[in-house]
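All remarks here apply to the structure that follows.
Protein chains in written order, with the UniProt record's numbering: chain A, 1 to 164; chain B, 1 to 164; chain C, 1 to 164; chain D, 1 to 164; chain E, 1 to 164; chain F, 1 to 164.
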């Protein structure tokens, strides 16, 4: 197990020095899900049929949040992300919404946090938009699915954990 | 089940009008957890023994994120929160970190989203600070525990769901 | 004609003191339009039929921008807006998109700038989303339509100026 | 006419992938104008004679807004702009203020939106600073004048449209 | 000497609860100075004669920074400041620039940090704008001059300390 | 003495064009100090013994502020900093806290402002966290210690000025 790279020799927090790292093409994919009542899924679907708002607004919120990652996570480096996509799928079996975020960059650090932040904020936005109907919703299983690029190369998550 | 208050008569997203709502004292408490390898908990604890950094930085990140909620969640109203607290507890049984966020305001809308955002960003910060050691961590069970104040009065979550 | 209230006795810029103003209910409505090629209107409409994206994303951008007004306009006071709505209508006769923004607040200053900022950023977002098809689009006629509340009471714009 | 590049195959909004685009030197120039009463021009000029505040503050606001473009326009990529200039000229014939914004970058996407955002926010700031004297002002003709660099090369606007 | 109010019973940082505090009118005045070479003062004065830029830009930067205080200082409450003014005076005897910031609010917490932040960022902006001429400048004596309002009432600084 | 590079030929403020500058590795180190009562140092030390909060929170605030420099200082270019570190040392002889900030980047402009901003905001955060105990604290001696990289090469400050 590696050391905590955000903590320097004396134990104090610091933004790690990436200036010697190579600029490479990097991708990260993260996922999460909002678990809700069956009726809440129906409510979103009905709204979606009209104007697509709940999922549409959550998608925009997730994309914009990816760009704010370094403002939210204290030791994250600012990055010029070259692509952000957020996919949202209604799932009656969950029941709820499955969210996937994909971020690309050509840079010196990875974009795992950007992908995870996009997913988290998209999930929070879904909560916000339907909370009047269902306050007991839960955000579950926010995790990294895969990353590519950089010195550590490719990493892929194990089989998905049980559903919430 | 109530209507989706963020969607107007024509189905388009809009920030709902709260101008006629009473200014009352409101509180919200939310929770979440970061599930990790047993060794990662030990790593944080060891770091914590020295300078308290992982949990300390995550606490600051969560507090600051609560103040940014309306910038992240498109249809949230800006609020002048009067208190934000984030509690982080290492739990070997999880294994991982349990996060609780409490937010208070005197205003026209509730602070559920502020509490949930504080918890989510604190969890993401923990992920960021130990991801070099454990990329498979998951953020689970982000949910509202209770809210007080406003027209809908007090709401409390049911018994906690099973652990991730 | 009144003095420039943002410029103090010595001529230097300053955020004017509103601390003695009454807290009243205030509303402002602003409008603007994006003038484009007929084919660009058709393009947005076709996309709108599928997922409503151009107008949907512009609506979210306008709402979020209203909340950022005091960060963009140097001498604007921060405000807790209680409602923001942005309406977008495709108009083949223009041809283009007509945008209307409505903002409410209970506070010591008006929300004209918030309504105008919502409209401007919604127009810019439309430009961004279809610029690959039509770089010659123009944003025209961004103006205040009406304001209510505060010491100066109600103000309404004269008949609309000619179309761009 | 090209496709809407911000909308993916399924019709959902996404920040387009520019990771394969070449890093080239890019420039964009945009313009706009604030049309006002003749007396308002005189008012600004008189203030300008003393401390230059209205145009000076609007210039700073426009420059700072260019740096915030990707926070305002949901699908814009973050960019490290290498130059931003905003020129403001009082024009008695308009009557009003003519605003021009120039932005440069070495990057994978153009800076049209940065130039247009600088102009729009400079115009909004002028409105804010003299609105006490003239609420009927209008922002007209916000448009791209020219762009250089990138795969699409140079683009220049046609002859200017009629004045507001 | 009072306790550290930002640290709770267990020693963890938290944004203190001000929800029971009275809403009162509050004012804070802070000062600071940028000490520079005599020639740098002359340089700013000459530029100031032309367009007033160094001091004018620093004034705008200070005013805008006051509004961002709660984003910069982790445990500061968000506030709706009702007035911000920044005064900058060239002083050949220093030699340098003297900066004073005044902030007002009607709220539950004081505005000392807003006044100090306005002064600090105005000083940093002066440094930025003339650093090409004088890298050895120093920001000295940033301190609170007085505060009024709230439970602790009026506080005034002792006689000014010696010059840097 | 060089010209003011932020002021163009006509005297108006502008973000200078760095597009022709070479991308080189750049470092800047800045320092500052918060001068306080002896008892305030003891108070921070006692708190530090428990949870390290005052210095820990100030460190995080300084690191996050470095990333916001271009949002605070109007004519600063946005930069992708590759390292930020903030060191805080209690000094009974001062008495107070000594703060040092180090920032690295690979880019076209230097990071002096980022280092100075990190130091200033860390100092302001210290003030905020202990102001209830000591309102008379002063921030002194904020200055650049050294810079490396870029066309102007290495610059180092003269011997430190007298203590505040």
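C-beta atoms are modelled at their ideal positions from N, C-alpha and C, and glycine is treated no differently. Keep in mind that this is a model prediction, so the values were computed, not measured.
Item: The stretch 21–36 of chain A: positions lying closer than 7 Å to chain D by Cβ; Value: 25
Item: Chain-ordered chain A contacts of residue 75(D) [CB-CB under 8 Å]; Value: 63
Item: Chain-order list of residues whose beta-carbon lies under 8 Å from that of residue 168(C) (same chain, five-residue window excluded); Value: No answer is possible for residue 168(C): it lies beyond the span of chain C, which begins at 1 and ends at 164.
Item: Residue 83(D): contacting residues in chain F (beta-carbon distance under 9 Å); Value: 14, 15, 16, 17, 18, 19, 77
Item: Proximity test, Cβ basis, 7 Å: residue 6(A) and chain F; Value: no
Item: Short CB-CB distance (under 7 Å) between residue 119(B) and chain F; Value: no
Item: Helix, strand or coil at residue 124(A) [DSSP, three-state]; Value: helix
Item: Residue 135(E) (DSSP reduced to helix, strand or coil); Value: coil
Item: Residue 57(E): first and last residue of the uninterrupted alpha helix (DSSP H) it sits in; Value: 53–72
Item: Bounding residues of the beta strand (DSSP E) (the contiguous stretch that carries residue 35(C)); Value: 24–35
Item: Residue 83(E) - partner residues in DSSP beta bridges; Value: 104(E)
Item: Supposed close pair residue 129(B), residue 75(A) - CB separation, criterion 8 Å; Value: 7 Å
Item: Selection from 64(C), 157(C), 94(C), 151(C) that minimises the alpha carbon distance to residue 114(C); Value: 64(C)
Item: Segment contact flag, the stretch 95–107 of chain E with the stretch 96–112 of chain F, C-beta cutoff 8 Å, min 3 pairs; Value: no
Item: Any chain C beta carbon closer than 7 Å to residue 156(D); Value: no
Item: Contact residues within the stretch 127–142 of chain E, judged by C-beta distance below 9 Å to chain F; Value: 127, 128, 129, 130, 131, 132, 133, 134, 135, 136, 137, 138, 139, 140, 141, 142
Item: Cut-off 8 Å between Cβ atoms - residues of its own chain near residue 92(E), not counting five sequence neighbours on either side; Value: 38, 41
Item: Under the three-state DSSP convention, the category residue 88(E) falls into; Value: strand
Item: Burial state of residue 143(E), where buried means 16 or more other Cβ atoms lie within 10 Å; Value: buried
Item: Closer than 7 Å to chain D by CB, residue 88(C); Value: no
Item: Reduced DSSP category for residue 13(F) - H, G, I as helix; E, B as strand; rest coil; Value: strand
Item: Bridge partners - residue 98(F), DSSP secondary structure assignment; Value: 33(F), 89(F)
Item: Residue burial classification, residue 20(D) (beta-carbon count within 10 angstroms, cutoff 16); Value: exposed
Item: CB contact check: residue 106(F) to chain A, cutoff 7 Å; Value: yes
Item: Alpha-carbon spacing of residue 88(A) relative to residue 151(B), whole angstroms; Value: 32 Å
Item: Exposure label - residue 46(D); buried when at least 16 CB within 10 Å; Value: exposed
Item: Below-7 Å beta-carbon distance, residue 91(A) vs any chain B residue; Value: no
Item: Beta-carbon spacing of residue 67(C), residue 78(B) below 7 Å; Value: yes
Item: Status (buried if at least 16 other CB within 10 Å, exposed otherwise) for residue 117(C); Value: buried
Item: Candidates 145(A), 81(A), 132(A), 158(A), of which the one nearest residue 23(A) by Cα; Value: 81(A)
Item: Euclidean distance between Cα positions of residue 111(C) and residue 34(D); Value: 19 Å
Item: Residue closest to residue 145(B), alpha-carbon to alpha-carbon, out of 133(B), 43(B), 154(B); Value: 154(B)
Item: Partner residues on chain A for residue 125(B), Cβ-Cβ distance less than 7 Å; Value: 73, 74
Item: Rounded straight-line distance, which links the Cα of residue 109(C) to that of residue 148(E); Value: 23 Å
Item: Residue nearest to residue 138(E) in terms of C-alpha spacing, selected from 136(F), 127(F), 141(F); Value: 141(F)
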